[in-house]
Each structure stands twice: as C-alpha cells, then as structure tokens.
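Written out below as structure tokens is the structure these notes cover.
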Amino acid sequence: MTKTRVMPHRVATSDSVSWHPWTILTPSGWLTVPDMLTDWDYATDIVLRSAATVDIAAVLEATGLSSTGALELIAVVDCPAAMRRVVGRSPIDDGGGAQIEISLPRGQMARELRLSTKLVTAESSSSVGLRIGWRRGSILAFSAPQVIVLEGSGGRFPIEPVDFQKVGRPPSPWALVTSFTDLNESFAGAVRLLVNTGHPVGLLAMQKEPPQGLPAVLKADVVRRLLAEIAHQDLELAESHDDESVGAVASGMCELYLSQPLATVIKTLRTDPGYLDDLLQASMDPLREVWTE
C-alpha cells in the first residue's frame, strides 16, 4: 500500500522529480542496489549513490520557492538494528541534476539498510508567502523507500563444511577454528567456521534459506567464541588495526553490539566473563527471533 503524506506547505508535483535507482560501488563499478548483499560481512566497505533529476521550473511553480538555490537533495541511510543514520546532501545544479555518495562506516551496520531520498528546502527564510515551505529541510518531494538486507544468504565468516565424526571433532553443529597470533593478521585467512555436515542443525545452517532464528543464534555464538579466543591470548590490543584484519572485524563487532572498544570488551571478558556474556545476550538477543518471530 502506498503511503500518502500530507504536508502543511506546498509540495512538488509527482512528475516534476525523477528519482534514479540507488547504486552501489562494486569491483565492477556502479551497479543498481540489489535487495540482498549476499557477500557482505562486517569488514565490508559500502558506498552508495543516490541521484535525481528535477524539473526546476515546475518545482518552483508548485512550491512557491524563488530559485534553484532554495532546493536541496537529501539521501538518508537508516540502520534500525544499529540505531544509526547516515545523511548526505547535494545542491541542485542549473540543469536540475543532483547526485549524492554516502560511505557507510564498516563494522557499524547490521541486518538491513533503509534507503530514502528527499527534495527539501535548502535554507530557512522568513520572507515567503502563505503555505510555502520556508524552513530548512521542509520536504517538497520524496522517493519510494528501499530496503537492502545485509544478513541473508551470505556467510559472515569463511565457512567449511566438515563431517566432524570423520575428523575426530566433538559432534557439535559448528565450531570456530582460529590460527592468528596477531590481531593484524587477515581475518579471512585466520578464522574459519567449520559446519558439521553430520549434524542436522549444521546442515540447516548451510541452507540458502535456513530456518527462522538459526542465523541469529549462529552469529551470536561465533561472536562470543571469537572474543573468547582473543581474550585467551596475550595479544596487543591497539586502538586501530589493519583493514580486514582480525582486530578490525572484532572491533567492529564490539562497537556494533556493545558500543565499547575492543580493549574494554576483552578486559571485561577476562575479569568477568559471565557479565560480558549477559551483555552480548542482551544486545544481540538471538533467541528473540526463534521464539517471537
């Protein structure tokens, strides 16, 4: 169902603004944003672009504004799961075009992104007529919203299907295997998620569309295990780490789920592991999806 907004001021007609599809920067160039980013993980850089073409004369006539300088395009990316919003702005050029690029901070997004674009009043002005959107940010037109799923079929970690019985491992549904001795080592090369092909839950976890709630339980367990492994080792906990390293990914997880730096989380884990486990459970809440959705 299409939502209708009733504004207290004059707005642009629907045919006076053309909304271009959102695009995403990939190794192959700019591509139309898909419904699901299957290769996404917490260390992924996401750069998005929004654009629109405005019929300036039609918009000014409909809204009562006086010039192109009174118009501005705003692109908004919301991540409800992380309670974050990133906003980009662009003036409208003389030809009616505007384009905005938004870079999203790695390690601070999860689950899904909600994209929207608006044409708004650029600056506040007191010398305007009746029912004219004179406040900065007054919405004159808006695009249909779009959602990108970040946690769909793509794994967050390098996954290796293994029959645990054949390799002599305990018959758990999955296990996290690490080989790093420095937090600046490559995450992809030092962390593997082994999934037990001899366990029914392990088989379900490898499906393209696993049962409701299972990905959340798996993710929470892997985050806990990775942090526990870091806490177990006597590693240097620097303020920053190399891109795509174990430390960078772990730091992103700590900021996203606990709003704390990695060093603080590891210190708590070493002194009071039960308390930190409670914090993770409260923040990630993996069982909510199993029992309430």
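Residue numbering for the sequence shown follows the numbering used here, starting at 554 and increasing by one per position.
Virtual Cβ for every residue (Gly too), placed ideally from N, Cα, C.
Treat the numbers as computed from the prediction; the structure is a model and nothing was measured.
Beta-carbon gap between residue i and residue j smaller than 8 angstroms
i: L624; j: V612; result: yes
i: P698; j: R667; result: yes
i: A781; j: L840; result: no
i: I757; j: E713; result: Note on residue identity: the sequence assigns Leu, not Ile, to residue 757. For L757 and E713, no; Cβs fall outside 8 angstroms.
i: A803; j: L779; result: yes
i: F717; j: N749; result: yes
i: M662; j: I599; result: yes
i: V744; j: V673; result: no
Member of the options whose CA lies at the smallest distance from the CA of residue i
i: A615; options: V564, P633, A743, V744; result: V564
i: F740; options: I653, L584, P698, E797; result: E797
i: S725; options: L703, A743, P753; result: P753
i: A604; options: P574, L747, P587; result: P574
i: D787; options: T734, D825, Y810; result: T734
i: Q765; options: V607, W572, A610, E842; result: E842
i: A694; options: Q661, G755, T606; result: T606
i: S656; options: D631, L601, L833; result: L601
i: A651; options: D631, L729, I609; result: I609
i: P587; options: H562, Q834, V702; result: V702
Classification of residue i by the beta-carbon crowding that lies within 10 angstroms, buried from 16 upward
i: G708; result: At G708, the pLDDT of 44 sits below 50, so the modelled position is not reliable and the matter cannot be decided from this model.
i: Y828; result: exposed
i: G805; result: buried
i: D774; result: buried
i: H794; result: buried
i: R689; result: exposed
i: R659; result: buried
i: V700; result: exposed
DSSP-derived helix/strand/coil call for residue i
i: R841; result: helix
i: M636; result: coil
i: R823; result: helix
i: G617; result: coil
i: L657; result: strand
i: D830; result: helix
i: G568; result: The question names Gly, yet the displayed sequence has Asp at residue 568. If DSSP states are grouped into helix, strand and coil, D568 belongs with the helices.
i: T670; result: strand
i: L530; result: Nothing about residue 530 can be reported from this structure: the residues present for the chain run from 554 to 846 only.
i: L788; result: coil
Start-end ranges of the alpha helix (DSSP H) lying completely within the region 691-778, minimum 4 residues = 717-720, 740-743, 753-758
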